[in-house]
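Q: This is the structure I want to talk about, given as structure tokens.
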Amino acid sequence: MKQACVIGWPIEHSRSPIIHGYWLKHYGIDGTYTKRAVSPGEIEAFLNGLAAEGLAGCNVTIPHKEAAFRLAANRDASAIAVGAANTLWLEDGCLCAANTDTYGYMTYLGREAEDWGRRDAPVSILGAGGASRAIVYGFLEAGVPEVRIFNRSVERAEALAQTFGPRVKVLPWDQRSRASTEAAVLVNTTSVGLKGAGSLDMDFTDFHPDCIVSDIVYVPLETAFIREARRHGLRTVDGLGMLLHQAVPGFEKWFGLRPEVTDELYDLIAADIEAV
Ligand code: ATR
């Protein structure tokens with residue numbers, strides 16, 4: 022029997038077991054995917070003991086993503102760009118790490134708004150944390166002419182821009198509306214709006230009518246940011262799809278089958294979010 026899990030500290034809130042559990046059942050695979058609370062002091066020993074525990078690998082969440090990256094022997098390009106990993110697996114006894122947020126975000130965007138890159142316009146990103154890095158990397162790889170970063174603390178945005186080079190520009194936080202009117206895509210990667218807390222205070226009035234507005238926050242499913250963009254007639258992409266698609270590469274590594282993100286899976290997780 023193949024086994025995988027998600028590790029974090031705390032770990033109770035993770036929805037990954039529902040996603041992988043759905044696929045295991047759907048494809049009739051003899052496997053398990055569990056939650057494991059691993060403290061910061063235990064992370065190294067835990068990862069060194071994966072094989073001995075019979076685990077094919079694991080997902081990694083807060084606060085272990087940087088440690089997972091550091092402790093892995095092989096890392097994929099997105100993990101290197103972000104400096105953090107969320108998916109680990111063993112290959113010939115070697116610990117391999119990937120950051121699948123880039124894949125998750127870009128895949129869902131491509132699926133929901135296939136034509137997002139048609140205008141060859143800049144992309145605007147709110148936030149400069151780990152999720153922002155994964156998404157900036159995705160857009161640069163996709164060939165966008167310019168990525169504009171807006172972050173509350175400018176130093177963090179500048180540090181991000183430095184890693185990625187001249188196509189990434191830092192703009193003041195208070196210009197996030199005015200300097201995004203021509204954007205092909207506007208993405209919120211900050212935690213603002215999570216569980217209804219805070220407001221991004223965006224003014225969508227002069228936005229290009231083809232701009233796609235997306236949020237990586239998925240609790241609630243429709244954030245105030247998304248709702249406001251819709252009210253202005255803009256197309257929107259929610260955060261739940263990224264969560265579902267980022268799980269695909271890990272499942273394939275551990276269980277040997279590339280799973281599909283179906284409407285049924287989307288509805289299952291959406292119902293779980295709405296039940297809270
Ligand atoms: P993640 O790894 O999920 O990206 P993170 O690294 O903690 O999380 O980053 C959180 C992001 O949300 C940061 O860009 C943060 O801005 P700062 O760098 O200025 O802290 C942003 N953020 C959090 N609360 C915010 C708020 N109230 N207003 C604006 N931005 C906020």
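Its first residue numbered 22, the sequence shown is counted upward by one per residue in the working numbering.
Positions of the beta carbon are idealized from the N, C-alpha and C atoms, including for glycine.
Cβ of Asn172 versus every heavy atom of ligand 1: is any distance shorter than 7 Å?
A: Checking every heavy atom of ligand 1 against the Cβ of Asn172, one is found closer than 7 Å.
Q: When the distance is taken between beta carbons, is Phe225 closer than 8 Å to Glu249?
A: Yes; because the gap between Cβ atoms is below 8 Å, this pair is in contact.
Q: Our contact map puts Ile237 next to Ala152 with C-beta atoms below 8 Å; I'd like the distance itself, whole angstroms only.
A: The pair is a contact, with the Cβ atoms about 6 Å apart (cut-off 8 Å).
Q: Taking buried to mean at least 16 other C-beta atoms within 10 Å of its own C-beta, is Gln267 buried or exposed?
A: Result: buried.
Q: Can you confirm whether Val282, when its beta carbon is compared against all beta carbons of chain D, has any partner nearer than 8 Å?
A: No chain D appears in the structure shown, which is made up of a single protein chain.
Q: Please determine whether the Cβ atom of Thr210 lies at a distance below 7 Å from any heavy atom of ligand 1.
A: At least one heavy atom of ligand 1 is nearer than 7 Å to the Cβ of Thr210, so yes.
Q: With a threshold of 6 Å on Cβ separation, who are the neighbours of Ile50 within its own chain once the five nearest residues in sequence on each side are excluded?
A: Cβ within range, chain order: Phe276.
Q: Quick check: what's the CA-CA separation for Glu33 versus Ala218?
A: Roughly 21 Å separates the two Cα atoms.
Q: How is the beta strand (DSSP E) around Ser235 delimited, first residue to last?
A: Counting along the chain, the beta strand (DSSP E) containing Ser235 begins and ends at 233-236.
Q: Any idea what DSSP makes of Asn69, helix, strand or coil?
A: Helix at Asn69.
Q: If you follow the alpha helix (DSSP H) that Gln267 is part of, which residue opens it and which one closes it?
A: Gln267 -> alpha helix (DSSP H) spans 261-267.
Q: For the alpha helix (DSSP H) that contains Thr108, what are its first and last residues?
A: No alpha helix (DSSP H) contains Thr108, which is instead part of the beta strand (DSSP E) from 108-112.
Q: Please identify the residue among Val258, Phe228, Ala66 whose C-alpha is closest to the C-alpha of Phe126.
A: The residue asked about is misnamed: residue 126 is Tyr in this sequence, not Phe. Ranking Val258, Phe228, Ala66 by Cα distance to Tyr126 puts Val258 first.
Q: Specify the secondary structure class of Arg96 as computed by DSSP and reduced to three states.
A: Residue state, collapsed to three classes: strand.
Q: Please list the terminal residues of the continuous beta strand (DSSP E) segment that includes Lys56.
A: Element bounds for Lys56: 52-58.
Q: Examine the Cβ distances between the segment 200-207 and the segment 164-175 and report whether three or more of them are shorter than 8 Å.
A: Judged by Cβ distances under 8 Å, the segment 200-207 makes contact with the segment 164-175, as three or more pairs qualify.
Q: What residue from Val206, Leu161, Leu265 has the CA that sits closest to Ala134's CA?
A: Minimum Cα distance to Ala134 is reached at Val206.
Q: Per DSSP, Leu116 is paired with what?
A: Leu116 pairs with Leu111.
Q: Is Phe228 helix, strand or coil by DSSP?
A: If DSSP states are grouped into helix, strand and coil, Phe228 belongs with coil.
Q: Just checking my contact of Phe272 with Trp30 at CB under 8 Å: how many whole Å lie between their CB atoms?
A: The Cβ separation is near 23 Å, so there is no contact.
Q: Got a sec? Which residues, its chain only, sit under 6 Å from Val165 by beta carbon, not counting five neighbours each side?
A: Hits under 6 Å: Val144.
Q: Nearest CA to the CA of Gly254: which residue from Gly262, Leu265, Gly260, Val234?
A: It is Val234.
Q: Just grab the DSSP bridge partners of Leu3 for me.
A: Since the displayed the chain opens at 22 and closes at 297, residue 3 lies outside it and no answer follows.
Q: Is it the case that the segment 152-163 contacts the segment 173-185, given that we only count it when at least three CB pairs across the two stretches are under 8 Å?
A: Touching, yes.
Q: Ile290 and Ile83: beta carbons closer than 8 Å?
A: For Ile290 and Ile83, no; Cβs fall outside 8 Å.
Q: Report the CB separation of Ala119 from Ala105 in whole angstroms; it is logged as a contact under 8 Å.
A: Not a contact, Cβ separation roughly 11 Å.
Q: Does DSSP put Ile146 in a helix, in a strand, or in coil?
A: Looking at Ile146 - three-state DSSP - the assignment turns out to be strand.
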